[in-house]
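Novice: If you're matching positions, the sequence shown starts at 1 in the numbering used here and goes up one per residue. Structure below; questions to follow.
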Amino acid sequence: MNDSPAKRRLDPDEEALLLGTIDRWVERDIRPIVKEYDHADRWPDEVVARMAEFGLFGATVGPEYGGLGLPATTYAKIVMRISSVWMAITGIFNSHLMLALAIEKFGTPEQKRAWLPKLATGEVRGGLALTEPDAGTDLQGIRMTAKRDGGDYVINGTKTWISNGIHGSVFALLVKTDPHAEPRHKGMSLFIAPSGPGFRVGRKLEKLGYKSIDSAELVFEDYRIPADRLIGGVEGQGFYQATGGLELGRINVAARGVGIAEGALELATNYAQLRRTFGKPIAEHQAIQLKIGEMVTRARAARLLTLDAAEAFDRGERCDLQAGMAKYFASEAALENSIESMRIHGGYGYSREFDIERLYRDAPLTCIGEGTNEMQRIIIARQWIKRNAVA
Ligand SMILES: Cc1cc2nc3c(=O)[nH]c(=O)nc-3n(C[C@H](O)[C@H](O)[C@H](O)COP(=O)(O)OP(=O)(O)OC[C@H]3O[C@@H](n4cnc5c(N)ncnc54)[C@H](O)[C@@H]3O)c2cc1C
């Protein structure tokens, strides 16, 4: 089991209607503005407003809290479609949904009632704050502390790389409630941390790609919150809660990778038929065909692996192995397809006037987020060996 109840698959007409709406929105409102916003690293207010209208801030939140309660398969297809044009904006609702998932899966009934309805509408937006300047992969090495003081906790420390850090106003915040606990994870807790006195943005982080969405350092100095903000109400569960959303998180990153891999393929397919050298379209040169053959196959395999993981998730099965494989393969496919597409574009691929340079800058993030691909392969191998242990 994956800890989440099995999700109802949408009927095919219902899903087609929803995806058709997303497609039209992407073509009509996103494609025409993406280059300008990405190059200016500008926050897309109108796009965010439309996301809220579509219900994307509550896409995976249960209908009892005002969400769409979408199955992971449909959710992944939405992310694929948007990412084929502009991957970065999927982070605006995805990081937010990771916060909502932590509350929905592990929160007390009061916490769910208080937070989920306003998160589902996008009235309040936020994200997940785990990483610190000297602890990313080794999450148990974080140094942020929360000390009990009467009916409150007082929090001190710094988070970094937090998506939605500037435009969001509430975060699932991973801290140490017992910095000396052994094993270390037993001293970790997760809080619902809304902005307030003692919580400020340290700085906006400049990035290679993944523009327009804000990534920030968040500083907490004697930040005081009531004890009822501790997710689940019990200390020591934070590591388990923070990583409890990883299956869906990895399916989401895999879907972003599929989107980029398919988007890069589409750009290359079009360009290769229009650009002519030596009297014929470059699509007729075998060197280009070899590239396109590999790109099509990679994109298709990435899509199937991702949907395979999403289907297992929707059946309520444990799917960490499938989600890990999908995330690893699809993100590498995004990276490889974006550079191959760039090469097919020749010198124009290096120009900021063409779209492929954005996909090329955005792709590497998918190899880092929700567990780096180095770790991903190690985890896949360990699980595989464990499941196939020789007695
Ligand atoms: C644009 C962006 C957005 C992000 N958004 C968020 C967010 O919203 N919330 C959040 O909490 N974090 C966020 N992150 C942080 C991200 O999750 C971390 O960067 C990631 O977990 C890696 O941690 P690190 O950067 O500290 O690298 P490190 O952990 O220092 O790793 C450095 C290298 O060592 C490798 N490595 C580390 N340990 C091992 C090991 N045991 N075996 C083999 N190799 C190893 C890694 O794979 C990597 O190649 C974001 C990052 C970026 C770039």
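Cβ coordinates follow ideal geometry from the N, Cα and C atoms, glycine included. As the structure is a prediction and not an experimental result, all values here were calculated from the model.
For Phe313 and Ala49, what's the separation of their Cα atoms in angstroms?
Specialist: By 1-based counting over the sequence shown, the position of residue 313 is 313. By 1-based counting over the sequence shown, the position of residue 49 is 49. One C-alpha to the other measures close to 29 Å.
Novice: Relative to the C-alpha of Trp115, which candidate in Val175, Pro364, Ser169, Trp86 has its C-alpha closest?
Specialist: As a first step, residue 115 is located in the sequence shown; it is residue number 115 there, counting from the start. Nearest of Val175, Pro364, Ser169, Trp86 to Trp115, Cα basis: Ser169.
Novice: Just to confirm the assignment, what range does the alpha helix (DSSP H) spanning Thr21 have?
Specialist: In the sequence shown, counting from the first residue as 1, residue 21 sits at position 21. Unbroken alpha helix (DSSP H) run through Thr21: 12-25.
Novice: Leaving out five residues before and five after Ala301 in sequence, what residues of the same chain have Cβ atoms less than 8 Å from its Cβ?
Specialist: Taking the first residue of the sequence shown as position 1, residue 301 is located at position 301. Excluding residues within five positions, the ones whose Cβ falls inside 8 Å are Phe329, Ala333.
Novice: Check each candidate in Tyr360, Gly122, Tyr75, Gly279 and name the one with the smallest Cα separation from Gly263.
Specialist: Working through the sequence shown from its first residue, we reach residue 263 at position 263. Looking at the Cα atoms, Tyr360 is the closest of the given residues.
Novice: Counting along the chain, where does the alpha helix (DSSP H) carrying Arg50 start and finish?
Specialist: Within the sequence shown, numbered from 1, the residue matching residue 50 stands at position 50. Here the alpha helix (DSSP H) through Arg50 covers 45-54.
Novice: Take the Cβ of Gly293 as the centre, count every other Cβ of all protein chains shown within 10 Å, and call the residue buried at 16 or more, exposed below.
Specialist: Taking the sequence shown and counting its residues from 1, the one referred to as residue 293 is at position 293. Exposed: under 16 other Cβ atoms inside 10 Å.
Novice: Counting along the chain, where does the beta strand (DSSP E) carrying Asp222 start and finish?
Specialist: Here residue 222 is taken as the residue at index 222 of the sequence shown, counted from 1. Taken as a continuous stretch (DSSP letters only), the beta strand (DSSP E) holding Asp222 covers 215-226.
Novice: Taking only three categories from DSSP, how would you classify Leu265?
Specialist: Along the sequence shown, read from residue 1 onward, the residue named residue 265 stands at position 265. Leu265 carries a helical assignment under DSSP once its states are collapsed to helix, strand and coil.
Novice: Taking DSSP's pairing of strands, which residues face Arg148 in a bridge?
Specialist: On the sequence shown, position 148 is the one that residue 148 refers to. According to DSSP, which records beta bridges pairwise, Arg148 is partnered with Tyr153.
Novice: Compute every distance between the C-beta of Asp222 and the non-hydrogen atoms of ligand 1, then say whether any falls below 7 Å.
Specialist: Translated into positions along the sequence shown, residue 222 becomes position 222. False, no ligand heavy atom lies under 7 Å from that Cβ.
Novice: Let's test the definition: count the other Cβ atoms within 10 Å of the Cβ of Gln376 and tell me whether it reaches 16, buried, or not, exposed.
Specialist: Reading the sequence shown from its first residue, position 376 is the one you call residue 376. Looking at its Cβ environment, which holds 16 or more other Cβ atoms inside 10 Å, Gln376 is buried.
Novice: Keeping to the same chain, check which residues put their C-beta closer than 6 Å to that of Ile282; ignore five residues upstream and five downstream.
Specialist: By one-based count along the sequence shown, residue 282 stands at place 282. Excluding residues within five positions, the ones whose Cβ falls inside 6 Å are Ala272, Arg275, Ile288.
Novice: Determine, using beta-carbon pairs with one atom in the stretch 234-251 and one in the stretch 197-207, whether at least three such pairs fall under 8 Å.
Specialist: no
Novice: What alpha helix (DSSP H) runs, 4 residues minimum, are completely inside the stretch 84-150?
Specialist: For the stretch 84-150, the continuous alpha helix (DSSP H) assignments of 4+ residues that do not extend past its boundaries occur at 90-106, 109-121, in sequence order.
Novice: If you measure from the CB of Ala129, is any heavy atom of ligand 1 nearer than 7 Å?
Specialist: Indexing the sequence shown from 1 puts residue 129 at position 129. Within the cutoff, so yes.
Novice: Does the contact criterion of 3 or more C-beta pairs under 8 Å hold for the stretch 50-62 versus the stretch 70-78?
Specialist: yes
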